[in-house]
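J.: In the numbering used here, the protein residues as written are 19 to 355.
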Amino acid sequence: MVVVLKPDVCRHQADELVNSLEEYNVKADVSEISDCTVICLLGNTDKIDCESLELHPCVERVIKFCEPFKKVNRKLHPEDTVINVRGEQIGGRKIAVIAGPCSVENSEQISEVARGIKNSGASFLRGGAFKPRTSPYSFQGLGFPGLELLKQAREKFGLPIVTEIMSCKYVDVFERDVDLIQVGARNMQNFDLLKELGGCTKPVLLKRGMASTIEETLMSAEYIVAHGNPNVIICERGIRTFETCLRNTLDLGAVPVIKKLSHLPVVVDPSHAAGVSWIVPTMAKMAIVSGADGLLIEVHNNPEKALCDGRQSLSVSQFASLFSELRKYAELENRSI
Ligand code: PEP
Ligand code: MN
């Protein structure tokens, strides 16, 4: 941490400030840089409150070098975290593919999609039972019957299931029934929910909020880890920008940045970024090249009739041809899929 002093601060005032800072068990080096005095604080500065330090009459500004996230920080955990989800790994050499409809609609739909994605090579079945919809008049998901259909599909096809939790009141049910618990973009900063999920043993797929910075996303992951659950996967799913041609702007730069800052695995969801299906294959390939550890792709057995997000869903056959193309990109990155 560096404390830049105001230009008119005299040596005596600077020394007084240094003494007060050294009470926090840090070493304070004072130097003159250009025409200002700076105090460089070495050691553990966690206990120093930057905001109140900035209000000190001698201080111009405080520059903090260490990130506010600790447990998810790669500096404290240099090796990649590999998460085991019912025997499938996320974060290792193999790129994990999570596929399925936006929402579970009926038994025939989820079975057809599960069969199709499994035959193509996907390792996880996704499907929303509880849906966060912008309009209260839109299909809200089947709720618990949807969860039951997902469990039946898991039995039948042997794919671990991924589904979104919207409320703290369902944490126990999800902990019991779901293999990978998804926190949607709209709930990324539902801190009560994040804390509850910290008490779970099941891994969490944390989607980046549509207006959240990378640091805010990592702080949300920190909530879950700090509350006891180390198994968090971050998902980049596009952010809102001034651009309106696509539903969101896929921030692929976030993938190498998050992987540099954190040891957690990163998955990319090109479907919610795109909002239209024709561009999903291009974005999925780019995601692999950006270093993603996994992909989340919406697939439907009849996209035109889908109750949710049909426009961005691939058909089962489109997914099959994309999957075989993705193998080449995975190899290019020295990974398997
Ligand atoms: C979803 O995965 O269906 C979903 C609602 O995603 P997001 O939270 O990223 O909008
Ligand atoms: Mn969706």
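Using N, Cα and C, we set each Cβ at its ideal position, and we do this for glycine too.
1) Between the alpha carbons of Pro274 and His30, how many angstroms are there, rounded?
2) Grab the span of the beta strand (DSSP E) containing Gly216 for me, first residue to last.
3) Let's see if you can read the secondary structure: which residues bound the alpha helix (DSSP H) around Gln127?
4) Could you tell me whether any non-hydrogen atom of the ligand MN is closer than 8 angstroms to the CB of Gly256?
5) Skipping 5 residues on each side, what residues in its chain have a beta carbon closer than 7 angstroms to that of His245?
6) Could you tell me the boundaries of the beta strand (DSSP E) in which His318 lies?
7) Quick one: measure Cβ to Cβ for Ile179 and Val317, integer angstroms, because I've assumed they're closer than 8 angstroms.
8) Three or more C-beta pairs under 8 angstroms: does that hold for the region 79 to 92 against the region 37 to 47?
9) Compute the Euclidean distance between the alpha carbons of Glu343 and Gln336, then round it to the nearest angstrom.
10) Just to confirm before moving on: does the CB-CB distance between Asp195 and Phe142 stay below 9 angstroms?
11) What are the start and end residues of the alpha helix (DSSP H) that includes Arg29?
12) Counting pairs of beta carbons, one from the region 118 to 129 and one from the region 56 to 64, are three or more of them closer than 8 angstroms?
13) Is DSSP giving Thr205 helix, strand or coil here?
14) According to DSSP, is Val294 part of a helix, a strand, or is it coil?
15) Beta carbon of His290: closer than 8 angstroms to some heavy atom of the ligand PEP?
16) Please determine, among Asp47, Asn102, Ser38, Pro321, the residue with the shortest C-alpha to C-alpha distance to Ile251.
17) Jot down the residue ranges of each uninterrupted alpha helix (DSSP H) in the region 233 to 310, minimum 4 residues, whole runs only, in chain order.
18) Which first and last residues belong to the alpha helix (DSSP H) in which Phe175 is found?
19) Output the residues surrounding the ligand MN, defined as those with a CB atom closer than 5 angstroms to any ligand heavy atom, in chain order.
20) Less than 8 angstroms separating the Cβ of Gly146 from some heavy atom of the ligand PEP?
21) Could you pull out every residue in the same chain whose Cβ sits closer than 6 angstroms to the Cβ of Thr99, ignoring the five residues on either side in sequence?
22) Should Gly157 and Ala147 be called a contact, given that it needs their Cβ atoms to be closer than 9 angstroms?
23) By the 10 Å Cβ neighbour count, where 16 or more other Cβ atoms means buried, how is Val21 classified, buried or exposed?
24) Kindly indicate which residue of Pro299, Asn352, Leu325 has the alpha-carbon position closest to the one of Arg151.
25) Under 8 angstroms by Cβ, that's how I've got Cys253 and Val285 pegged, so tell me the actual separation to the nearest angstrom.
26) Just curious, the alpha helix (DSSP H) that Phe192 is in, first and last residue?
27) What would DSSP say about Gly17, mapped onto helix, strand or coil?
28) Starting from Leu143, follow its DSSP beta bridges and name the residues at the other end.
29) Quick one: is Val191 buried, meaning 16 or more other Cβ sit within 10 Å of its Cβ, or exposed?
30) Would you call Leu211 buried or exposed, if buried means 16 or more other Cβ atoms sit within 10 Å of its Cβ?
31) If I measure Cβ to Cβ from Leu167 and keep anything under 6 angstroms in the same chain, skipping five residues before and after, which residues do I get?
32) For the ligand PEP, any of its heavy atoms closer than 8 angstroms to the Cβ of Gln200?
33) For Tyr241, collect the residues of the same chain with a Cβ closer than 8 angstroms to its Cβ; drop the 5 residues on either side in sequence, then sort them by chain order.
34) Straight-line CA distance for Tyr155 to Leu35?
T.: Reading it off the structure:
1) By one-based count along the sequence shown, residue 274 stands at place 256. By one-based count along the sequence shown, residue 30 stands at place 12. Rounded to whole angstroms, the gap between the alpha carbons of Pro274 and His30 is 46 angstroms.
2) The residue labelled residue 216 in the question sits at position 198 within the sequence shown. Judged by DSSP secondary structure, Gly216 falls outside any beta strand (DSSP E) and instead within the alpha helix (DSSP H) spanning 209 to 216.
3) Along the sequence shown, one-based indexing puts residue 127 at 109. Residues 125 to 138.
4) The residue labelled residue 256 in the question sits at position 238 within the sequence shown. Distances between the C-beta of Gly256 and the heavy atoms of the ligand MN are all 8 angstroms or more.
5) Residue mapping note: residue 245 aligns to position 227 of the sequence shown, counting from 1. Excluding positions up to five away in sequence, the list reads Lys213, Gly216, Gly217.
6) If you number the sequence shown from 1, residue 318 lands on position 300. Per DSSP, His318 is one residue of the beta strand (DSSP E) stretching across 312 to 318.
7) Residue 179 sits at position 161 when you count from the first residue of the sequence shown. Residue 317 sits at position 299 when you count from the first residue of the sequence shown. Distance from Ile179 to Val317 at the Cβ level is roughly 14 angstroms; contact not present, criterion being Cβ atoms closer than 8 angstroms.
8) No contact exists between the region 79 to 92 and the region 37 to 47.
9) Along the sequence shown, read from residue 1 onward, the residue named residue 343 stands at position 325. Along the sequence shown, read from residue 1 onward, the residue named residue 336 stands at position 318. A direct Cα-Cα distance of roughly 11 angstroms separates Glu343 from Gln336.
10) Against the sequence shown, residue 195 aligns to sequence position 177. Against the sequence shown, residue 142 aligns to sequence position 124. No. Outside cutoff.
11) Counting from one through the sequence shown, the residue named residue 29 turns up at place 11. DSSP places Arg29 inside the alpha helix (DSSP H), whose first and last residues are 29 to 40.
12) They do not touch, by the three-pair rule.
13) Your numbering for residue 205 matches position 187 in the sequence shown. A small correction: the amino acid at residue 205 is Asn; Thr does not occupy that position in the sequence shown. Helix, per DSSP.
14) Sequence index remark: in the sequence shown, residue 294 carries index 276 (1-based). Reduced to three states, the DSSP call for Val294 is coil.
15) Indexing the sequence shown from 1 puts residue 290 at position 272. Under cutoff, so the answer is yes.
16) Walking along the sequence shown from the start, residue 251 turns up at place 233. Comparing Cα-Cα distances from Ile251 to each of Asp47, Asn102, Ser38, Pro321, the minimum goes to Asn102.
17) DSSP runs (the alpha helix (DSSP H)) wholly in the region 233 to 310: 272 to 279, 288 to 292, 298 to 308.
18) Reading the sequence shown from its first residue, position 157 is the one you call residue 175. Counted as a single uninterrupted DSSP element, the alpha helix (DSSP H) harbouring Phe175 occupies residues 162 to 175.
19) Any heavy atom of the ligand MN within less than 5 angstroms of a residue's beta carbon puts that residue on the list, which reads Cys120, Asp327.
20) Within the sequence shown, numbered from 1, the residue matching residue 146 stands at position 128. Gly146: yes, Cβ under 8 angstroms from the ligand PEP.
21) Position 81 of the sequence shown, counting from 1, holds the residue named residue 99. Same-chain partners within the cutoff: Gly109, His281, Leu282.
22) What you label residue 157 is simply residue 139 of the sequence shown in a count that begins at 1. What you label residue 147 is simply residue 129 of the sequence shown in a count that begins at 1. Per the sequence shown, the amino acid found at residue 157 is Phe instead of Gly. At least 9 angstroms separates the beta-carbon of Phe157 from that of Ala147.
23) Reading the sequence shown from its first residue, position 3 is the one you call residue 21. Here Val21 is buried, its C-beta having at least 16 other C-beta atoms within 10 Å.
24) Position 133 of the sequence shown, counted from the start, is the residue given in the question as residue 151. With distances taken between Cα atoms, Arg151 lies closest to Leu325.
25) Taking the sequence shown and counting its residues from 1, one reaches residue 253 at position 235. Taking the sequence shown and counting its residues from 1, one reaches residue 285 at position 267. At roughly 5 angstroms, the Cβ-Cβ gap stays under 8 angstroms, so Cys253 and Val285 are in contact.
26) Here residue 192 refers to the residue found at position 174 when the sequence shown is read from its first residue. Unbroken alpha helix (DSSP H) run through Phe192: 189 to 195.
27) With the chain covering 19 to 355 only, the question about residue 17 has no answer from this structure.
28) Residue 143 sits at position 125 when you count from the first residue of the sequence shown. Residue pairing by DSSP puts Leu143 in a beta bridge opposite Ala117, Ile179.
29) On the sequence shown, position 173 is the one that residue 191 refers to. Classification of Val191: exposed, given that the 10 Å Cβ count is below 16.
30) By one-based count along the sequence shown, residue 211 stands at place 193. Classification of Leu211: buried, given that the 10 Å Cβ count is 16 or more.
31) For the purposes of this step, residue 167 is taken as the residue at position 149 of the sequence shown. Cβ neighbours of Leu167 beyond the five flanking positions: Val122, Ser125, Ile128.
32) Taking the sequence shown and counting its residues from 1, the one referred to as residue 200 is at position 182. Gln200 Cβ: within cutoff of the ligand PEP.
33) By 1-based counting over the sequence shown, the position of residue 241 is 223. These residues qualify, in order along the chain: Phe209, Leu212, Lys213, Gly216.
34) Stepping through the sequence shown from its first residue, residue 155 is reached at position 137. Stepping through the sequence shown from its first residue, residue 35 is reached at position 17. C-alpha separation (whole angstroms): 60 angstroms.
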